[in-house]
Amino acid sequence: MVRTSIMLDDEVAARLRREARRRNVSVAEVVREAVDAHLPKSEPGPLSFFAVGDGPPDLSERVDEYLAEIYEERHAGR
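Note that the sequence shown ends on residue 208 in this note's numbering; no numbers are left out.
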């Protein structure tokens, strides 16, 4: 385990101590459980290069044209 220091406001620290007493565990145990419950369980995987979805059937052949159209639409009127 790694030792970590955190700053809590007085009200949160009091609630944390009360919860630890209520459950008869250490403040550190309550913090570990809360952090574990809040964070994702695993690292997200790498983004896939390929995507499945709708699009024009000739997208692979006209990708530059479609990108130019999108750019023009997004930057029109600037």
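Note that beta-carbon positions come from the ideal geometry of N, C-alpha and C, so glycine has one too.
Please classify Glu191: does DSSP put it in a helix, a strand, or coil?
Here Glu191 sits in coil by DSSP.
Answer with buried or exposed for Glu193, where buried requires no fewer than 16 other C-beta atoms within 10 angstroms of its C-beta.
Residue 193 is actually Val in this sequence, not Glu. Residue environment for Val193: exposed (fewer than 16 other C-beta atoms within 10 angstroms of its C-beta).
Measure the Cβ-Cβ separation of Ala150 and Val157 and say whether it is below 8 Å.
yes
Do Asp160 and Leu146 have their C-beta atoms within less than 8 Å of each other?
Contrary to the premise, residue 160 reads as Val rather than Asp in this sequence. Result yes, Cβ atoms of Val160 and Leu146 sit closer than 8 Å.
Under a three-way DSSP split, which group does Ile136 fall into?
Looking at Ile136 - three-state DSSP - the assignment turns out to be coil, as it is neither helix nor strand.
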